[in-house]
Structures are given as structure tokens and as C-alpha cells.
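> Going left to right, the sequence shown walks through residues 373 to 662 as the numbering used here numbers them.
Don't be surprised by glycine CBs; every beta carbon is placed ideally from N, CA and C.
Mind having a look at this structure? Questions to follow.
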Amino acid sequence: MSAHEFAHELLMERRPRGAPVKRELVDLASESRLNLSVTPPPLVHVTSVGWGRRIVDQGKMEAKHCSVFSKDLVYAFLARPAYRFRDGDSKSAQMSRFPFVVVLSPAALETPYHVYPFDTGAYMAGVYGTVPDPTLYLEDYELDPSMDSALRHVAWGFGSTSSYYDGTIRAELADSMPDWRAVGRSWSDIASMAALGKERPDYRASAIELAYSRSIDLRQGHARLFIFPLQLIEDPRGENTELLTKIKDLKVPTATYDWRANETPDSYAEIIGDIVRKFLPDESIGPSEQ
Numbered sequence: 373m374s375a376h377e378f379a380h381e382l383l384m385e386r387r388p389r390g391a392p393v394k395r396e397l398v399d400l401a402s403e404s405r406l407n408l409s410v411t412p413p414p415l416v417h418v419t420s421v422g423w424g425r426r427i428v429d430q431g432k433m434e435a436k437h438c439s440v441f442s443k444d445l446v447y448a449f450l451a452r453p454a455y456r457f458r459d460g461d462s463k464s465a466q467m468s469r470f471p472f473v474v475v476l477s478p479a480a481l482e483t484p485y486h487v488y489p490f491d492t493g494a495y496m497a498g499v500y501g502t503v504p505d506p507t508l509y510l511e512d513y514e515l516d517p518s519m520d521s522a523l524r525h526v527a528w529g530f531g532s533t534s535s536y537y538d539g540t541i542r543a544e545l546a547d548s549m550p551d552w553r554a555v556g557r558s559w560s561d562i563a564s565m566a567a568l569g570k571e572r573p574d575y576r577a578s579a580i581e582l583a584y585s586r587s588i589d590l591r592q593g594h595a596r597l598f599i600f601p602l603q604l605i606e607d608p609r610g611e612n613t614e615l616l617t618k619i620k621d622l623k624v625p626t627a628t629y630d631w632r633a634n635e636t637p638d639s640y641a642e643i644i645g646d647i648v649r650k651f652l653p654d655e656s657i658g659p660s661e662q
């Protein structure tokens with residue numbers, strides 16, 4: 373393969389305007405049964421401490437321009453803090469560059485603008501390399517814009533919330549699909565990049581992405597938890613009383629991790645993941661039937 377051909381394969385494409393959309397992943401998951409007695413998992417939005425402080429100051433998660441969809445959107449992942457920061461593997465002494473997490477209840481949020489079975493920004497940037505089928509468009513992977521569709525995808529692809537959180541797709545999944553199921557098989561290959569045991573699993577590859585077209589007002593009780601460095605509020609030289617007061621006014625519980633200067637932002641992923649996991653329902657959202 374020439375260098376030009378290799379570069380072309382990494383260039384992920386959007387579906388042309390007017391072209392028909394067939395949601396194959398929705399069809400594949402349509403027969404999956406859901407345990408309706410289980411509370412849906414929370415949504416997780418990961419940003420930097422610098423931007424997290426602005427969220428607390430404003431009391432809302434503001435919709436910002438998305439270059440992929442050319443629209444102002446708020447992004448979150450279903451259940452997972454699946455983040456990779458730009459320069460996230462570079463050391464820094466600036467706390468503002470490190471993770472700040474907002475855990476959200478999806479119960480009273482508006483209908484999502486879109487739902488995808490992976491991080492669309494990473495997909496369009498070619499982060500998944502040559503793994504995706506190069507003949508497919510981004511929109512070929514889209515799920516229905518609803519929490520029900522997201523949960524059916526979890527039941528079909530993973531079987532349970534805990535397996536989804538670990539990035540472990542069902543062992544028999546690939547063998548259950550005919551070879552002509554191009555979207556399903558391509559998604560299975562992409563999602564396998566997030567599996568435990570990989571040298572450096574990229575959890576964005578199978579984290580379900582939900583986007584909302586309006587800012588999310590945290591003063592209306594949507595937030596269930598803030599996660600941030602302990603040192604953001606406690607310091608031997610003085611307590612951050614202003615931030616603590618604003619968080620108290622929002623009535624959002626907090627959890628912290630022990631931050632150290634000259635670590636990398638991505639190095640806290642496992643610690644943050646353990647904190648978020650405590651908020652997941654214990655029950656399976658399946659079983660799934662094919």
C-alpha cells in the first residue's frame with residue numbers, strides 16, 4: 373500500500389447529504405431484552421479542572437461548537453470516564469490540565485441529539501487507525517437518539533453493564549453475525565480495541581457517546597457527582613472556600629483523587645474509573661437474545 377493510499381484509509385468520512393441512512397446496529401440490537409427494573413447507568417462528562425471550574429461558576433455545562441457535526445453540543449459517555457486529553461501523556465505542574473468529571477443522571481435530560489457506539493471525534497481523527505471498515509461512513513454506526521437504544525446496544529454487544537464498563541464484548545458476538553453485516557463486524561473490531569488486556573486499551577473505542585444540543589443546567593439537579601483533585605479545594609496555604617461554596621449551592625456530592633504535580637493527566641484514568649464504577653447499577657441490563 374502506498375503512503376497516499378494509507379493516508380486515504382485513515383481519512384474517515386461523513387455520509388453525503390441526502391444519502392439514505394440504514395442503522396444496522398439498531399437492527400442487530402432490536403431483539404435484545406432489557407431489565408426494565410434496573411436504573412439506567414449515569415452519564416459521564418470529562419473535562420479539565422480549568423474548564424470544570426467554569427462549569428461550577430456558571431452552574432451549567434455549556435454547549436460548545438463541535439467541528440465534526442458543525443453544531444453546538446454537550447458530550448458525555450454512558451457510564452464510562454473514557455477520556456484522552458490532548459497532551460494527556462505529557463507531564464504538567466498545572467492542575468488546570470488534569471481531569472474534572474461530572475457524573476450526570478440521564479433521567480430528566482432532553483432527548484439526545486445523537487447516540488454513537490464510540491467517540492466520534494476519535495473516529496473522525498483516525499485514532500482507530502485501519503481497524504474500521506474504510507468503505508463505511510460515520511453515520512452508518514449511529515444508534516437511535518434515545519437512552520433505550522443505548523441500553524439495547526449494551527445488552528446486545530456486551531450483555532451487562534459491568535462487561536460494558538470493562539470494554540468486554542460478548543465472546544460469541546462476531547460469530548453470531550453474517551459476514552455481510554459490514555457495520556456490525558466493523559464495530560466489533562473497533563470495540564475490541566477497548567478490551568482489558570490490551571497493552572494500552574482505548575476505552576473511547578466502545579464507549580457510547582451521547583450528545584445534547586442544549587446546555588445542561590446543573591441547578592436543576594442533573595449532576596450526581598463531581599470528581600476532581602483534592603488539592604483543588606484543600607491546600608496547607610488556604611482552603612478554596614469560594615469553590616466549595618458554589619459546589620454546596622449546586623447541591624452536588626463530591627469525590628476527590630490525590631493530585632501530584634508533574635504527573636500526566638491520563639495517569640489518573642484508572643483511579644477515576646474506580647470512583648465512577650461505584651455509581652453503576654450492579655444488575656445486568658440484559659440478558660440479550662439474538
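Across which residues does DSSP place L415 in a beta bridge pair?
Note: L415 sits in a beta bridge opposite L450 and L476.
> Could you tell me whether the segment 508-527 touches the segment 384-401, using the rule of 3 or more Cβ pairs below 8 Å?
yes
> Thinking C-alpha only, which one of K443, L476, A567 and R469 is nearest F598?
L476
> May I ask which residues mark the beginning and end of the beta strand (DSSP E) holding K436?
K436 to C438
> CA-CA distance, K618 and R591?
Approximately 11 Å, taken between the alpha carbons.
> Select from H437, P637, Y629 and Y488 the residue whose C-alpha is nearest the C-alpha of I580.
Y488
> Nearest to D399 by alpha carbon, out of R553, A451, S535 and A497?
R553
> Could you check the C-alpha separation between S468 and R405 for me, to the nearest Å?
Going from the Cα of S468 to the Cα of R405 covers about 43 Å.
> Name the DSSP bridge partner or partners of E482?
DSSP output for E482 lists no bridge partner at all.
> Helix, strand or coil for P388, going by three-state DSSP, please let me know.
Coil at P388, not helix or strand.
> Relative to the C-alpha of Y537, which candidate in L545, A546 and A527 has its C-alpha closest?
A527
> Taking DSSP's pairing of strands, which residues face D589 in a bridge?
In DSSP, D589 forms a bridge with K432.
> Apply the 10 Å Cβ neighbour rule to L445 and answer buried if 16 or more other Cβ atoms are within range, or exposed otherwise.
buried
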